[in-house]
Amino acid sequence: MKVYDEVVNMVKPKFAYVHLAACSGCEISFIDNFERLLDMMDMVDFEYITLLKDVQEMPAVDIVFIDGAPCLQSEESVKMLKEARSKAGFLVAWGGCSATSCINNFSRGGQMAQPQHESFPQVCRIVKVDAFVPGSPPGPEMAYNIIKAFVEGDTEYLRYLTTYEVGGFACGCDLMKNIIENALCIGCGACAMSCPTRAITMVLGRPCINWERCVKCGACYAQCPRSFLPVPVMDRMMEGL
Amino acid sequence: MRGMLCAVPEELLAGAGHGSNDGGAIMGYRGFGRYKEALAAKTMDPKIMSVGQDGGVTTALLCYSIDNGIIDGAVLTRKSGPKWVPEQVIATSKKEIIECTGSIYALSPNMYKLKDAVREYALEKVGYVGLPCQIDALRKMQLYPFGARGIGERIALALGIFCSENFHMEGLRTIIEGYCKMPIEDVNKMHITKGKFMVEGKKHAEVGMKKASRYAQDGDSVCPDLVAEYADISIGSIGSEEGWNTVFLRTRKGIDTFYGAVSAGYIETDDINKAKPGLELLEKLALSKKAAAKENIEKRKAMGLFVTRDQYY
């Protein structure tokens, strides 16, 4: 039995969660999986996650979730990100702050206790990202789905997240620039539903964005059925319904 | 099964991929997506029949679902006033569901109401009625909930409505007031049948769809889906006799709900193969929508425009 456990532990992928500049909302969302968190722990070993485990240093892992944006004025934070990249097989930019920089885009520095901290670029500008998950925070189900897809080798699910289209600098403008300007909008309202700050209202069947409220998390464009349509995954889903 | 039902040559089906018959229990006309059963149906409730668009099956199914606890509310669209502006509502009673009966051919962004249904109304089992593209949005949201925490798992029933195209509110008004020469307030019912946009009210008026289509939203021109291929149950009028609906049952949940409603006396059914003009016509239209979408996507790609990543045909 002991040997069996060892073998299982050997093949069970290891997981780490690295936290950079962010509000912890995405970490809370991750944990808000409740009972599903136990399933996630069955699928991967949680090696490093400061909210759940008392481990000071990140070991080498198979999959890492990066939460938050690195600060260019903080040597420590950039080093942490690069180290995470070098120690992880698959790097997920989890949540708006790491995938799109989100509210960190508005930083101009000058705040105590570190007034020199002003530049918080998207993670993908510094290291290679394997999957982007925009949203501020993303639904907890996304964390479960990604870990499950990773463990099962479900590239069909992951491939929609791997392109740089859903990550990098994002804005409500993406809906204008990529969807409406390309005559793709069908007025379903998915963007308005996904907006965490309720910055989008549907006026005459089209999204209208309150620019003061948009935090540039990228959820609306990613949620739009006309940005990408995961047809093979939808086909599979229908079989189970 | 395929041979028995199929009206298109076998070689066409072979390359169909999506929508073809590749499982024992799944039958397929090419162009209808995956489904388990197709039939004609109509409501048995005279009250729903009197207000329903065609056979009243959508309303009847929702009423059955709410009476039997399959859903505890539904996100629906209704006419908000005499100007026919669509309004998105969360219906939690039979009365509210029946108020939403009938089609409005204008954009109704009801996906956003799902958030309110779950957060503010605290619904656990949500019903949703949408057009094919909205059902796509719903399925994508369930699979990739970027900004839809706890909504996907609460979707209990997704009903899809056949759709050839949809209009901006002002487009709809232009068609009715410009072509049909009738104030929109005088209209009681709108209908798209036999290639015509028809309005009933103080008088009957109609205009050919060729003319009306110029006011359709352009996003529809790349849509390949006429029959809501990803709904639990798809409902429309094309293919069946007047006063009846054409229904596709696609999922286990769809079959259970539908036959529950049949055995509880909410809905009566008939053989779709006996109906005129029948599935042949529907298939012809569904395939031509797919062909048009494919052509338009290619055209746009050739112009260097961005088109949705992955589509189904």
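These protein sequence lines map, in sequence, to chains F and P. Counting in our numbering, the first sequence runs from 1 upward without gaps. Counting in our numbering, the second sequence runs from 1001 upward without gaps. Where is the CB? At the ideal position from N, CA and C, for every residue including glycine. Remember, it's a predicted structure, so these values are computed and weren't measured experimentally.
Residue i classed as buried or exposed, judged by whether at least 16 other C-beta atoms fall within 10 angstroms
i: HIS1204(P); result: exposed
i: LEU1226(P); result: buried
i: THR1043(P); result: buried
i: PRO1046(P); result: exposed
i: CYS208(F); result: exposed
i: LYS14(F); result: buried
i: ARG1149(P); result: buried
i: ARG206(F); result: buried
i: LYS1083(P); result: exposed
i: MET112(F); result: exposed
i: ASN1273(P); result: exposed
i: GLN116(F); result: exposed
i: SER98(F); result: buried
i: GLY1023(P); result: Confidence is the limiting factor: at GLY1023(P) the pLDDT is only 40, short of 50, which leaves the residue's position unreliable and the question unanswerable from this model.
i: SER1164(P); result: buried
i: GLN1311(P); result: buried
i: GLN1217(P); result: buried
i: ALA16(F); result: buried
i: ASN210(F); result: exposed
i: PRO140(F); result: buried
i: VAL1057(P); result: buried
i: GLU27(F); result: buried
i: PHE34(F); result: exposed
i: PRO1109(P); result: buried
i: LEU51(F); result: exposed
Proximity below 8 angstroms, CB of residue i to CB of residue j
i: TYR221(F); j: LEU161(F); result: no
i: GLY1239(P); j: THR1246(P); result: yes
i: LEU1131(P); j: MET1111(P); result: no
i: ARG59(F); j: LEU20(F); result: A small correction: the amino acid at residue 59(F) is Pro; Arg does not occupy that position in the sequence shown. Going by C-beta atoms, PRO59(F) is not nearer than 8 angstroms to LEU20(F).
i: GLY218(F); j: PRO137(F); result: no
i: ILE31(F); j: LEU38(F); result: no
i: TYR1230(P); j: ILE1135(P); result: yes
i: ILE1098(P); j: THR1059(P); result: yes
i: PRO1224(P); j: ALA1293(P); result: yes
i: LYS128(F); j: CYS171(F); result: no
i: ASP1072(P); j: GLU1124(P); result: yes
i: CYS124(F); j: TYR157(F); result: no
i: GLN1142(P); j: LYS1113(P); result: no
i: TYR1340(P); j: GLY1171(P); result: Examination of residue 1340(P) is not possible in this model, given that chain P is present from 1001 through 1313 alone.
i: ASP1054(P); j: GLY1243(P); result: yes
i: VAL1199(P); j: ASN1296(P); result: no
i: VAL61(F); j: ILE126(F); result: no
i: LEU91(F); j: ASP130(F); result: yes
i: LEU1160(P); j: ALA1228(P); result: Note that residue 1160(P) corresponds to Gly in the displayed sequence, not to Leu. Contact: yes.
i: PRO1086(P); j: LYS1079(P); result: yes
i: LEU1061(P); j: ALA1261(P); result: yes
i: ALA1252(P); j: LEU204(F); result: It should be noted that the sequence gives Arg, not Ala, for residue 1252(P). Against a cut-off of 8 angstroms, the Cβ pair of LEU204(F) and ARG1252(P) comes out as no contact.
i: ALA93(F); j: PHE132(F); result: yes
Whole-number beta carbon distance between residue j and residue i, since they are thought to touch under 8 angstroms
i: PHE169(F); j: GLN122(F); result: 7 angstroms
i: CYS229(F); j: GLY1219(P); result: Here the sequence assigns Leu to residue 229(F), which means Cys is not the residue at that position. Their Cβ separation, rounded to whole angstroms, is 13 angstroms, which puts LEU229(F) and GLY1219(P) out of contact at 8 angstroms.
i: ALA1106(P); j: LEU1279(P); result: With 8 angstroms as the limit, ALA1106(P) and LEU1279(P) do not qualify as a contact, their Cβ atoms being about 28 angstroms apart.
i: ILE1233(P); j: PHE1197(P); result: About 26 angstroms separates the two Cβ atoms, so there is no contact after all.
i: PHE1167(P); j: GLY1236(P); result: Rounded, the Cβ-Cβ distance is 17 angstroms, inconsistent with contact.
i: MET43(F); j: LYS177(F); result: Incorrect: roughly 37 angstroms between the Cβ atoms, too far for contact.
i: PHE1248(P); j: TYR1035(P); result: 4 angstroms
i: VAL1126(P); j: ALA1074(P); result: 7 angstroms
Beta-bridge partners of residue i, as assigned by DSSP
i: THR1043(P); result: ILE1267(P)
i: ILE1192(P); result: PHE1197(P)
i: TYR17(F); result: ILE49(F), PHE65(F)
i: VAL1051(P); result: Answer is none; VAL1051(P) lacks a bridge partner.
i: VAL203(F); result: ARG206(F)
i: PHE228(F); result: ARG1309(P)
i: ASN1078(P); result: The amino acid occupying residue 1078(P) in the given sequence is Arg; Asn does not appear at that position. According to DSSP, which records beta bridges pairwise, ARG1078(P) is partnered with GLU1087(P).
i: GLY1239(P); result: Partner(s): none; GLY1239(P) has no beta bridge.
i: THR1246(P); result: ALA1040(P), GLY1236(P)
i: PHE90(F); result: ILE63(F)
i: TYR1144(P); result: Paired residues: none, contrary to the question.
i: GLU1206(P); result: MET1198(P)
i: ILE1155(P); result: VAL1126(P)
i: ILE1161(P); result: ILE1235(P)
i: ALA1106(P); result: PHE1167(P)
i: VAL1187(P); result: GLY1201(P)
i: ALA149(F); result: None; ALA149(F) has no bridge partner.
Exercise. Is the number of C-beta pairs between the region 215–233 of chain F and the region 190–197 of chain F that are closer than 8 angstroms three or more?
Worked result: Yes, the region 215–233 of chain F touches the region 190–197 of chain F.
For this session: Say whether the region 1266–1277 of chain P touches the region 1033–1043 of chain P, bearing in mind that this needs 3 or more beta-carbon pairs closer than 8 angstroms, one atom from each stretch.
Result: Yes, the region 1266–1277 of chain P is in contact with the region 1033–1043 of chain P.
For this session: Could you tell me whether the region 1180–1193 of chain P touches the region 1275–1289 of chain P, where touching means 3 or more Cβ pairs closer than 8 angstroms?
Result: No, because fewer than three Cβ pairs between the region 1180–1193 of chain P and the region 1275–1289 of chain P fall closer than 8 angstroms, the two stretches do not touch.
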